[in-house]
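S.K.: Sharing a structure below in C-alpha cells format, with a few things to ask.
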C-alpha cells in the first residue's frame, strides 16, 4: 500500500512521524520475539534443494538436476543481562549425500554492541576449519552448503542494527501483513551486503512471510518466502521456505523434516570440538536425535 499524500502542517508531521516509526519498530520487535525469544533451543532435520530455474507461463521449474542435501541443526539461545537481543550459537552438519557427509558449520551471534558474528566451516576432505570473522565477508563466496542462503541470511538480525519504516499493508499468500522497510545503521552498513530489506510481517502470528533483499547498489537481489508455517511446541515455525536469487536465477528451497524445541543442549557441543571430533559429535547427536519430532 502506497502512502497517501497528507497535507498537514509541518508541526503535525513532526509529531506523527516518530509515532509511525515507533509502530514499525514495535512490529519488528514483536516478530523478533516470536522468532528468536519464544524458545531457548532447537534440534532440526532439514532438507535443502537448490537449482537454476526457468519461468514458463508464470511457473518456476528447475532447468537442471537439483542439488539436494540433508542437514541436522542444533541451536541454543543465550539471554544477556540488560540487553533486549539474545546471543545465539548454532551447529549444522550435512548427513546426506554420503560424499558430503560431515561438512559442518558453527556460528555465534552476539547481543553486545559492535561485536560481529563468528562463523566457522569444516570440510572433511581438507580436514580443515576455516574461520570467517564477519558474516558479510562471505555473502558471495561463502554460501551455506552451496545454497542461495549466505551466512548473513542465516544470521540473527539485531534490532539495534536497523531503522524501521512502515510502508503499508498487503496480503501475502492469503495472510494480512505489515510491510516494513529495514535500513541498516551506519555501523551495520559496513558489515552487510544489503542496503535495505523490505519485510512482510503476518499481523496475527508475527511471522515474517516474505523478504525482499537489496544489494549495496540498491538492486533487488534476493527474495525469501515462507511457504508453510506450523505450530510446533506452542511456537509458530516456518517449516518450508525459499530463497530466490533474482540475478543468477537460482533458488534454494528448504523443508523441515523433524523439529523439537526447548531441549537441553550441552554448551560444549556448540564448540569447534563438534566440527573436528567425529566420535564426540556422533555420540552427542545420537542423544539429540532422540528428541526430534518425527
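Numbering (our numbering), first residue to last: 12 to 305. Every residue, glycine too, gets a C-beta built ideally from N, C-alpha and C.
(1) Just reading off the alpha helix (DSSP H) that residue 164 is part of, what are its end residues?
(2) Where does residue 127 sit, in a helix, a strand or coil, going by DSSP?
(3) Under 8 Å by Cβ, that's how I've got residue 52 and residue 273 pegged, so tell me the actual separation to the nearest angstrom.
(4) Beta-carbon within less than 6 Å of residue 141's beta-carbon, same chain only, minus the 5 sequence neighbours each way: which residues are those?
(5) In this structure, what does DSSP give as the bridge partners for residue 48?
(6) Looking only at its chain, what residues have a beta carbon closer than 8 Å to the beta carbon of residue 135, apart from the 5 residues adjacent to it on each side?
(7) Just how far apart, CA to CA, sit residue 118 and residue 105?
(8) Take residue 234 as the anchor and find which of 224, 98, 265, 101 has the nearest alpha-carbon.
(9) Keeping to the same chain, check which residues put their C-beta closer than 8 Å to that of residue 45; ignore five residues upstream and five downstream.
(10) With 16 other CB atoms within 10 Å as the buried threshold, where does residue 228 fall?
(11) How many angstroms separate the CA atom of residue 303 from the CA atom of residue 270?
(12) Exposed or buried, what is residue 308 when buried is set at 16 or more other beta-carbons lying within 10 Å of its beta-carbon?
M.R.: Taking the structure as given:
(1) 162-165
(2) coil
(3) 6 Å
(4) 132
(5) Residue 48 pairs with nothing; no bridge assigned.
(6) 112, 113, 114
(7) 15 Å
(8) 224
(9) 216, 217, 218, 246, 247
(10) exposed
(11) 5 Å
(12) The first residue shown for the chain is 12 and the last is 305, placing residue 308 beyond what the model contains.
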